[in-house]
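Letter 30 of the sequence shown, counting from 1, is numbered 33 in the numbering used here, and no numbers are missing. Even for Gly, the Cβ is constructed at its ideal location relative to N, Cα and C. Below is one structure, written out as structure tokens, with a few remarks after it.
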Amino acid sequence: SSLPAGELEIFVNISCNYSCLTCVCFTALLESAATHSNSKMSLPNGWVEKTSRDSGKVYFLNTLTNASQWEKPEGAAEDGVKASHLLVKHKDSRRPSSWREETITRTKEEALEILRGHRARIDSGEVKFADLAATESDCSSAKRGGDLGVFTRGAMQKPFEDATYRLRVGQLSEEVITDSGVHIILRTG
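Here it is as structure tokens:
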């Protein structure tokens with residue numbers, strides 16, 4: 004097994020009472036460090052390998068966005084996008100419940116009407132996007148005013164991702180339909 008960077012010196016100091024280079028534990032440790040170092044070197048630009056404190060599993064961190072993923076990245080890190088959203092779920096959503104309602108029974112058409120009403124209130128200046136998302140979104144991101152942070156391609160459902168990448172910073176989307184429900188998206192970065 005390999006050790007995270009920075010743990011090599013500690014391991015050597017507590018595992019071996021000898022300072023010779025022929026020590027078996029020291030040789031094995033050097034081989035482990037080389038393996039760990041080589042796996043990091045083979046990552047595409049903009050990615051680093053990390054180890055989860057909770058599970059001990061290796062994950063990969065995009066150094067440009069601080070987004071993480073379990074799968075080894077295949078391409079260079081992207082800058083990503085930053086967005087907030089307001090989600091209205093309906094009875095056919097993949098999980099028809101939320102922090103606001105235990106069981107959501109509205110139809111998709113009713114969800115779209117609610118979303119259009121929210122959009123009209125935002126467009127008129129009656130309410131700010133983040134304030135409305137905080138009280139009306141069926142997503143747990145409501146507690147952050149709908150802020151999803153930075154994400155890269157492949158992190159969100161395809162229709163959501165495509166809509167977000169098409170937006171300019173500060174632009175609000177039209178209705179976006181995903182398996183989660185119906186959304187309006189505000190690109191913030």
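Secondary structure of residue i, DSSP reduced to three states
| i | result |
| --- | --- |
| residue 120 | helix |
| residue 85 | strand |
| residue 135 | helix |
| residue 150 | strand |
| residue 115 | helix |
| residue 143 | helix |
| residue 1 | Because the chain here runs from 4 to 192, residue 1 falls outside it and cannot be looked at. |
| residue 71 | strand |
Segment limits, beta strand (DSSP E) that includes residue i
| i | result |
| --- | --- |
| residue 190 | 184–190 |
| residue 64 | 61–65 |
Distance between residue j and residue i (C-alpha atoms, nearest Å)
| i | j | result |
| --- | --- | --- |
| residue 126 | residue 52 | 43 Å |
| residue 183 | residue 92 | 7 Å |
| residue 153 | residue 138 | 22 Å |
| residue 170 | residue 111 | 24 Å |
| residue 142 | residue 151 | 10 Å |
| residue 113 | residue 95 | 12 Å |
| residue 147 | residue 162 | 22 Å |
| residue 3 | residue 155 | The requested residue 3 is not part of the displayed model; the chain covers only 4 to 192. |
| residue 33 | residue 159 | Unreliable positioning characterises residue 33 in this predicted model, as indicated by a pLDDT of 43, which lies under 50. The coordinate reading is nonetheless provided below. Answer to the nearest angstrom: the Cα atoms are 40 Å apart. |
| residue 67 | residue 60 | 22 Å |
| residue 56 | residue 124 | 44 Å |
| residue 88 | residue 128 | 17 Å |
| residue 149 | residue 78 | 29 Å |
| residue 80 | residue 190 | 20 Å |
Cβ neighbour criterion (16 or more within 10 Å) applied to residue i
| i | result |
| --- | --- |
| residue 48 | exposed |
| residue 97 | exposed |
| residue 45 | exposed |
| residue 164 | buried |
| residue 109 | buried |
| residue 145 | buried |
| residue 37 | For residue 37, the predicted model reports a pLDDT of 43, less than 50, meaning its position is unreliable; a value from the coordinates is still stated below. So residue 37 ends up on the exposed side. |
| residue 179 | buried |
| residue 187 | buried |
| residue 65 | buried |
| residue 100 | exposed |
| residue 50 | buried |
| residue 58 | exposed |
Extent of the continuous alpha helix (DSSP H) to which residue i belongs
| i | result |
| --- | --- |
| residue 54 | Careful: residue 54 lies outside any alpha helix (DSSP H), inside the beta strand (DSSP E) at 50–54. |
| residue 175 | Careful: residue 175 lies outside any alpha helix (DSSP H) and carries neither H nor E. |
| residue 162 | 161–169 |
Residue i Cβ short of 7 Å to the ligand SAM heavy atom set
| i | result |
| --- | --- |
| residue 189 | As presented, the structure is devoid of all ligands, the ligand SAM included, so that no description of it is given. |
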